[in-house]
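Numbering (my numbering) for the sequence shown: 3 to 259. From the three backbone atoms N, C-alpha and C, an ideal C-beta is built for every residue, glycine too. Note that the coordinates shown come from a computational prediction; the quantities given were computed from them, not determined experimentally. Presented below is the structure to which this report refers.
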Amino acid sequence: MSKQDHQVRLQVAKQASYISGEELKRHFHGDWRVEDMKKGVVEADRASRESMLTFLSQVYPEDTIWGKGMGELPKVKKFWLIDSLNGGENYGTGESYYATTVAWIENGEPILGVVSNPSRGQLFSAVKNSGAQLNNVPLKVRETKQAKDAYILASFGHGETRATSVKTVEKLLDKVRQIKIRECPALEICAIAQGTHDAFIHHGFKPWDWVAAQLIVNEAGGTMSDLESKMMMVKTESGLVSNSHLHNELLKIINSK
């Protein structure tokens with residue numbers, strides 16, 4: 003597939019993100035009571051996913067599409083990887099820090115990625131070897147060189163990962179400038195690409211959380227690995243995103259006893 007084809011697919015991915023994002027905005031701040039929050043999020047997620055699936059299927063009827071709640075990883079070399087609502091708990095509690103994600107995968111590698119925050123009008127995008135943009139403005143990671151000066155994003159995770167997440171945050175607390183908990187992995191990775199923060203650590207990843215955003219941060223000059231400094235794989239659950247100056251120092255802190 004040519005570079006021109008990838009650029010065409012990027013525009014399709016952006017449009018898919020816009021359409022699904024409009025569904026999320028339409029449902030946002032619905033008349034939910036606390037006990038109905040989960041139901042409201044599920045309904046919004048479903049509407050967003052259906053709109054994205056419908057659009058992509060109309061444009062590329064032969065393509066495989068896979069994502070959250072869509073069964074096992076497809077055994078094909080090329081497919082769309084989507085998440086119609088990343089940061090669902092933020093969305094459900096009325097916070098505008100949530101996203102949709104779209105990535106085009108070829109031979110196990112993301113070739114283009116789009117992460118959209120509909121409520122804030124942010125559209126992060128990248129094509130492999132072509133740089134990364136936020137609303138068509140080029141992105142570049144910060145050049146912070148020491149952990150003590152770093153602004154970190156993290157999460158407390160869910161279920162079995164929560165205890166590990168808390169321990170990781172505790173290890174970092176006295177070693178970095180600041181830690182924030184935002185709970186939307188796709189946007190947190192993009193925040194590193196944007197240069198508003200220096201690093202993001204997360205336990206409990208799913209592929210739709212990070213694949214599109216990883217390409218964006220890589221194209222902005224950042225790096226992402228598992229906690230052993232190995233390449234991220236589909237089944238990798240824990241990862242660190244940062245710049246090349248900080249990565250090894252932060253891994254050493256995270257892996258300390």
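Nearest neighbour of L58, chosen from Y20, I181, A46 and S4 [CA to CA]: Y20
With Q17 as the anchor, note down where its alpha helix (DSSP H) starts and where it stops. K5 to H29
One or two residues paired with I67 in a DSSP bridge: DSSP lists W82 as partners of I67.
Closest residue to L252 among L175, Q196 and M233 (Cα-Cα distance): L175
Residue range of the unbroken beta strand (DSSP E) whose run includes S98: It is not in any beta strand (DSSP E) - S98 carries neither H nor E in the DSSP assignment.
Which residue or residues does DSSP assign as beta-bridge partners of G206? G206 is not bridged to any residue.
What would DSSP say about M39, mapped onto helix, strand or coil? helix
Nearest CA to the CA of C186: which residue from Q196, A156, A201 and V171? A156
M226: buried (16+ other C-beta within 10 angstroms of its C-beta) or exposed? buried
N- and C-terminal bounds of the beta strand (DSSP E) containing Q135: Note, Q135: beta strand (DSSP E), A134 to L136.
Measure the alpha-carbon distance for E45 versus E145 and round it to whole angstroms. 41 Å
Assuming contact is defined by CB atoms lying nearer than 8 Å, are K16 and S121 in contact in what I supplied? When the beta-carbon positions are compared, K16 and S121 stay at least 8 Å from each other.
Which residues DSSP lists as bridging P112, in chain order: I107
Tell me the residue span of the beta strand (DSSP E) that contains Y153. Y153 to A156
For L83 and T103, I'd like the C-alpha separation in whole angstroms. If I take the Cα positions, the gap works out to 8 Å.
Any chance the CB of Q124 is under 7 Å from a heavy atom of the ligand GTP? As far as ligands go, the structure on display features none, and thus does not contain the ligand GTP.
Report all residues from its chain with a CB closer than 8 Å to the CB of T95; omit the five preceding and five following residues, and keep chain order. M39
Go to A195, then tell me how far its beta strand (DSSP E) extends in each direction, as first and last residue. Segment P187 to Q196 is the alpha helix (DSSP H) holding A195; no beta strand (DSSP E) there.
Could you give the DSSP three-state label for S127: helix, strand or coil? strand
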